[in-house]
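**Q** So in this note's numbering, the last spot in the sequence shown is 231, and the numbers never skip.
Built from N, CA and C at the ideal position, the CB exists for glycine as well.
This one's a predicted model, so the numbers in the text were calculated from it and none came from an experiment.
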Amino acid sequence: MGIISSSIARKVAMALSGLFLVLFLGQHFTINVTSTFSPETFNSWSHFMGTNFLVQAILQPVLIFGVIFHFVMGFILEARNRSARSISYVSYKGNTNSSWVSRNMIYTGLVVLAFLGLHFYDFWFPEMVHKYVESNPEDATRYYGELVEKFHDPLRTGFYVISFVFLALHLFHGFASSFQSVGFNNKYATGLKKFAKVYAIAIPAGFIFIALFHHFNH
14 MGIISSSIAR KVAMALSGLF LVLFLGQHFT INVTSTFSPE TFNSWSHFMG TNFLVQAILQ
74 PVLIFGVIFH FVMGFILEAR NRSARSISYV SYKGNTNSSW VSRNMIYTGL VVLAFLGLHF
134 YDFWFPEMVH KYVESNPEDA TRYYGELVEK FHDPLRTGFY VISFVFLALH LFHGFASSFQ
194 SVGFNNKYAT GLKKFAKVYA IAIPAGFIFI ALFHHFNH
């Protein structure tokens, strides 16, 4: 933690962990979207991810660490920013210097964190129990049925949809600003920021489509 004791270093660490999670989000979407047109492909890819040693023993712990690190660093940055505001503003100028999303990243992040808790409860914990507690035999065809069953409940589906809306808001500012935080400022920076904003809308919208697709085609 001494390495990231400075404000700039903390922002860079926050940005790098966010970029790592964005890459995982794209990979996660690529697998999940196959469930809307090819249950066999979804089962096959899910089975590979759930049984491959490299994924389970190395990538999965790194991912969990990345999620925890990103949110802890977000809380630290928010606390430091609040403590640095020693002078109260006489008047509030709204979006004069920043957007609503950039000023409320901590709140959109909290909704995303709550969603991750539900997502772990729905999928990751049952997976761990299935494989390591109950020691069930491998079944490469079970993943699609388990996914579809989760979206039968309208309340759960609704919470997923709302969470992905907040994820889009969080990504819309966070993904684009991460390039600036890591010092990426060349002729490709403008194009990357535009790509980041499109990505921030398209990927959450894709997840919303998956949830609604399985809810209404249950």
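Which whole-angstrom value is the C-beta distance of His227 and Leu160, which I expect to be below 8 Å?
**A** The Cβ separation is near 7 Å, so the contact holds.
**Q** Mark Phe192 as exposed unless 16 or more other C-beta atoms lie within 10 angstroms of its C-beta, in which case mark it buried.
**A** It is buried - the Cβ of Phe192 has at least 16 other Cβ atoms within 10 Å.
**Q** Can you tell me whether DSSP reads Asp166 as helix, strand or coil?
**A** Three-state result, Asp166: coil.
**Q** Classify Ala215: buried if its beta carbon has 16 or more other beta carbons within 10 angstroms, exposed otherwise.
**A** Result: exposed.
**Q** Between which two residues does the alpha helix (DSSP H) carrying His151 extend?
**A** In the sequence as displayed, the identity of residue 151 is Glu instead of His. Glu151 -> no alpha helix (DSSP H), and no H or E assigned at all.
**Q** Check for me: the alpha helix (DSSP H) holding Thr203 runs from which residue to which?
**A** Counting along the chain, the alpha helix (DSSP H) containing Thr203 begins and ends at Ala202 to Phe229.
**Q** Between which residues of its own chain and His231 is the CB-CB distance below 6 Å, once the five residues before and five after are set aside?
**A** So the qualifying residues of the chain are His165.
**Q** Relative to the alpha-carbon of Val36, which residue among Met86, Tyr145, Tyr120 and Tyr212 has its alpha-carbon at the smallest distance?
**A** Residue identity check: residue 36 is Leu in the sequence provided, not Val. Ranking Met86, Tyr145, Tyr120 and Tyr212 by Cα distance to Leu36 puts Tyr212 first.
**Q** Report the residue from Met27, Leu29, Gly63 and Arg95 whose alpha carbon sits nearest the alpha carbon of Glu140.
**A** Selected option, being the one with the closest Cα: Gly63.
**Q** Are the region 30-44 and the region 128-137 in contact at 8 Å, needing three or more beta carbon pairs?
**A** Because the criterion of three Cβ pairs below 8 Å is not met, the region 30-44 and the region 128-137 do not touch.
**Q** Go through its chain and collect everything with a Cβ distance to His183's Cβ below 7 Å, but skip five positions before and after it.
**A** Cβ within range, chain order: Met118, Thr121, Gly122 and Val125.
**Q** Just to confirm the assignment, what range does the alpha helix (DSSP H) spanning Thr121 have?
**A** It spans Met118 to His132 - the alpha helix (DSSP H) in which Thr121 sits, taken as one unbroken run.
**Q** Roughly how many angstroms separate the alpha carbons of Ala202 and Pro150, rounded to a whole number?
**A** Computed Cα separation, rounded: 49 Å.
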